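Just below is one structure, and these are the notes that go with it.
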Amino acid sequence: MFVESLSLVNFRNHSEAEFQFEAGVNCIVGKNGSGKTNVLDAVHYLSMCRSYLNPTDKQNIRFNEQFFVIQGCWMKDEQPFNLYCGVKAGSKKVFKKNKKEYNRLADHIGHFPVVMISPYDTDLISEGSEVRRRWMDGIISQFDHEYLSDLQRYNKVLDQRNALLKLQFENGFFERESIEIWDEQLIKYGTAIHNKRVSFIDAFIPLFQHYYKWISQEQESVSLNYESKLSETDFRTLIQQAYPKDMRVHYTSVGIHKDDITFLLEGLPIKRFGSQGQQKSFLIALRLAQFDWLKERLNQTPILLLDDIFDKLDNLRVAQLMELVSKNTFGQVLVTDTDEIRVSAIFETIQVKPKMIIFNSELV
Ligand SMILES: Nc1ncnc2c1ncn2[C@@H]1O[C@H](COP(=O)(O)OP(=O)(O)OP(=O)(O)O)[C@@H](O)[C@H]1O
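Okay, so the sequence shown: first residue is 23 according to our numbering, each after it adds one.
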């Protein structure tokens, strides 16, 4: 599967732009701020129905414009698929496959997979638990649509339960029976989600450890620890125990919306104890494992988007990584860099001839 062409109108800094890609390695080269990452993000949009960089659709419209359109032609099993995403200020996002609009965006997820490796991945380590939950949910949802609907239902019920807790608090009374109405559904969806998260992390760890060892060439041990109160106590007991607290804070204080994943290096949180180099290797290993995971589950090779990887690693590591991803087991790769000479030299060392797309920022 690969993206053959892409056209952008008013998407971030691109007023109008068209790109043709090859099925193998493609290199987008241009100055800082010329819009290379935005091209990768447009590919991400057509795959995941949302931006990798900015989850608020409207903020991706070019400044002072009213809409953006991204269109792309994907080749999958030798069939072309025309994907369309349109966002207009004040209207609902429109997403189409072969001119037919989706009723539910969830139906698109998992059919045109991509994996992005980006400098913003550091958020996975440095930011709060929500970012890590979103990462895990994003992967599981691509191959398990039941998981995605359970998650959507869970979040809906959670919002309703929280709204009721708040309303009762504002009106100065507490009526447990009316809140309990929401508990059954919360327990049902929450427990199913929790079980799937446990299985995912268990199966994902060995893949991730394999890639970490490969990229770091070090012997240090790394792991992922899924943290959830539901692993110690069943959700029903937790919810009942939490009533006094929920009443006080007027929101639901236990559940899978509080889960986290700790990234471990030698058994300690990498956030506090890992060097910058170790953190970079950790994140790349996480993404490569994600790639393998999706490829196996979806029976479809994701497109690999490598943003600014050359600034992240030393030349030797970059060459090693490029050699890996240029092999047949990886499919289409889109790479960005600022330096044409550097990027050409690296690909020459590994005897790969990428398609070069050179940005002339004046055209943007
Ligand atoms: N909504 C928007 N409208 C217009 N321009 C935007 C919008 N959002 C971002 N930009 C512009 O896009 C540019 C950044 O694009 P992008 O991150 O793709 O560049 P890049 O070529 O990847 O840069 P670098 O090499 O520094 O990573 C910035 O100039 C930014 O101001």
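Note that the Cβ used here is the ideal one computed from N, Cα and C, for glycine as well. The structure displayed is predicted, hence computed values, not measured ones.
(request) Give the secondary structure of Glu249 by DSSP, where H, G and I count as helix, E and B as strand, and everything else as coil. (result) For the purposes of this step, residue 249 is taken as residue 227 along the sequence shown, with counting starting at 1. In the structure shown, Glu249 sits in a strand (DSSP, three-state: E or B).
(message) Suppose the cutoff is 6 Å on Cβ atoms and the five residues either side in sequence are ignored; what does the same chain contact list for Gln354 look like?
(response) Residue 354 sits at position 332 when you count from the first residue of the sequence shown. Only Phe24, Ala45, Ile325 meet the Cβ criterion.
(request) Kindly indicate which three-state DSSP category Phe41 falls into: helix, strand or coil? (result) Position 19 of the sequence shown holds residue 41. If DSSP states are grouped into helix, strand and coil, Phe41 belongs with the strands.
(message) Is Arg270 a contact residue of ligand 1, with contact defined as CB to any heavy atom under 8 Å?
(response) Numbered from 1 along the sequence shown, position 248 holds the residue referred to as residue 270. The answer is no for Arg270.
(message) Considering only the alpha carbon of each residue, which of Leu28, Phe33, Asn48 lies closest to Leu327?
(response) Locating residue 327 in the sequence shown gives position 305, counting from the first residue. Measuring from the Cα of Leu327, the nearest candidate turns out to be Asn48.
(message) Any heavy atom of ligand 1 closer than 8 Å to the beta-carbon of Lys53?
(response) Working through the sequence shown from its first residue, we reach residue 53 at position 31. Lys53 Cβ: within cutoff of ligand 1.
(request) Starting from the C-beta of Val136, find all residues in its chain whose C-beta is less than 8 Å away, skip the five residues before and the five after it, and write them out in chain order. (result) Your numbering for residue 136 matches position 114 in the sequence shown. Val65, His66, Ser69, Met70, Pro324, Ile325, Leu326, Leu327.
(message) Give me the DSSP bridge partner(s) of Trp96.
(response) As a first step, residue 96 must be located in the sequence shown, where it is residue number 74. According to DSSP, Trp96 bridges with Val25, Phe103.
(request) Determine, using beta-carbon pairs with one atom in the region 116-134 and one in the region 302-313, whether at least three such pairs fall under 8 Å. (result) no
(message) Using 9 Å as the threshold, is the C-beta distance between Lys98 and Gln322 below it?
(response) Here residue 98 is taken as the residue at index 76 of the sequence shown, counted from 1. Here residue 322 is taken as the residue at index 300 of the sequence shown, counted from 1. Cβ distance < 9 Å, so Lys98 and Gln322 count as in contact.
(message) Taking DSSP's pairing of strands, which residues face Pro291 in a bridge?
(response) As a position in the sequence shown, residue 291 is number 269, starting the count at 1. In DSSP, Pro291 forms a bridge with Leu286.
(message) Taking DSSP's pairing of strands, which residues face His36 in a bridge?
(response) Numbered from its first residue, the sequence shown carries residue 36 at position 14. Bridge partners of His36: Phe33.
(request) Assuming Ile209 and Ile261 form a contact by the criterion Cβ under 8 Å, report the distance between their Cβ atoms to the nearest whole angstrom. (result) As a first step, residue 209 must be located in the sequence shown, where it is residue number 187. As a first step, residue 261 must be located in the sequence shown, where it is residue number 239. Right, their Cβ atoms sit about 7 Å apart.
(message) Can you look up Thr358 in the DSSP assignment and give me helix, strand or coil?
(response) Your numbering for residue 358 matches position 336 in the sequence shown. Thr358 falls in the strand class under three-state DSSP.
(message) With the cut-off set at 9 Å, would you say Ser243 and Leu287 are in Cβ contact?
(response) For the purposes of this step, residue 243 is taken as residue 221 along the sequence shown, with counting starting at 1. For the purposes of this step, residue 287 is taken as residue 265 along the sequence shown, with counting starting at 1. Yes, they are a contact pair.
(message) Could you check whether Ser171 and Leu186 sit closer than 9 Å to each other, using their CB atoms as the reference points?
(response) Residue mapping note: residue 186 aligns to position 164 of the sequence shown, counting from 1. Residue mapping note: residue 171 aligns to position 149 of the sequence shown, counting from 1. The answer is no: Cβ separation not under 9 Å.
(message) Can you look up Val91 in the DSSP assignment and give me helix, strand or coil?
(response) In the sequence shown, the residue the question calls residue 91 occupies position 69. In the structure shown, Val91 sits in a strand (DSSP, three-state: E or B).
(message) With distance defined between alpha-carbon atoms, name the residue in Gln207, Tyr233, Ala111, Ile147 nearest to Arg175.
(response) The residue labelled residue 175 in the question sits at position 153 within the sequence shown. Closest option to Arg175, Cα to Cα, is Gln207.
(request) Could you work out which residue in Ala225, Phe41, Gly277 is closest to Thr259 when comparing CA atoms only? (result) Translated into positions along the sequence shown, residue 259 becomes position 237. Closest by alpha carbon: Gly277.
(request) Step through the CB atoms of chain B and report whether any lies within less than 9 Å of the CB of Phe222. (result) Structure shown: chain B not included; a single protein chain is present.
(request) Report yes or no: do three or more beta-carbon pairs, one from the region 144-153 and one from the region 328-340, lie closer than 8 Å? (result) no
(message) Taking 8 Å as the cut-off, is the C-beta of Arg294 nearer than that to any heavy atom in ligand 1?
(response) As a first step, residue 294 is located in the sequence shown; it is residue number 272 there, counting from the start. No, the Cβ of Arg294 stays beyond 8 Å of every heavy atom of ligand 1.
(request) Just the C-alpha distance for Ile161 and Tyr169, rounded to the nearest angstrom, thanks. (result) Counting from 1 along the sequence shown, the entry for residue 161 is found at position 139. Counting from 1 along the sequence shown, the entry for residue 169 is found at position 147. Those two C-alpha atoms are separated by around 10 Å.
(request) Could you name the residues that DSSP lists as bridge partners for Asn48? (result) Walking along the sequence shown from the start, residue 48 turns up at place 26. Answer by DSSP bridge pairing, in chain order: Leu356, Lys377.
(request) Check the DSSP bridge columns for Val244 and list the partner residues they point to. (result) Counting from 1 along the sequence shown, the entry for residue 244 is found at position 222. Beta-bridge pairing links Val244 to Leu287.
(message) Give the list of continuous alpha helix (DSSP H) stretches no shorter than 4 residues that lie fully inside the region 288-352.
(response) 292-295, 298-320, 331-334, 337-347
(message) Runs of 4 residues minimum, wholly inside the region 123-159: which ones carry the alpha helix (DSSP H) assignment?
(response) 145-148
(request) Tell me, please, whether the region 241-256 touches the region 189-197 by the rule of three or more beta-carbon pairs shorter than 8 Å. (result) no
(request) Return the first residue and the last residue of the beta strand (DSSP E) that Phe257 is part of. (result) Taking the first residue of the sequence shown as position 1, residue 257 is located at position 235. Note, Phe257: premise wrong, no beta strand (DSSP E); alpha helix (DSSP H) at 257-271.
(message) Since Leu229 and Trp315 should fall inside the 8 Å C-beta cutoff, what is the C-beta to C-beta distance between them, to a whole number of angstroms?
(response) For the purposes of this step, residue 229 is taken as the residue at position 207 of the sequence shown. For the purposes of this step, residue 315 is taken as the residue at position 293 of the sequence shown. That belief holds up - the Cβ atoms of Leu229 and Trp315 are roughly 6 Å apart, short of 8 Å.
(message) So, with DSSP's three-state summary, where would you put Gly212?
(response) Counting from 1 along the sequence shown, the entry for residue 212 is found at position 190. It is helical.
(message) Between which residues of its own chain and Val386 is the CB-CB distance below 8 Å, once the five residues before and five after are set aside?
(response) Numbered from 1 along the sequence shown, position 364 holds the residue referred to as residue 386. Its pLDDT being 44, under 50, Val386 is placed unreliably in this model, and the value from its coordinates should be taken loosely. Excluding positions up to five away in sequence, the list reads Asn35, His36, Ser37, Ala39, Ser56, Gly57.
(request) Compute every distance between the C-beta of Lys98 and the non-hydrogen atoms of ligand 1, then say whether any falls below 8 Å. (result) Here residue 98 corresponds to residue number 76 of the sequence shown, with the count starting at 1. Checking every heavy atom of ligand 1 against the Cβ of Lys98, none is found closer than 8 Å.
(message) Tell me which residue opens and which closes the alpha helix (DSSP H) that Lys53 is part of.
(response) As a working mapping, residue 53 is identified with position 31 in the sequence shown. Run containing Lys53: none; DSSP gives neither H nor E here.
(request) Measure from the alpha carbon of Phe257 to the alpha carbon of each residue in Asp359, Asp205, Val116, then state which is nearest. (result) Along the sequence shown, read from residue 1 onward, the residue named residue 257 stands at position 235. Phe257 has its Cα closest to that of Asp205, out of Asp359, Asp205, Val116.
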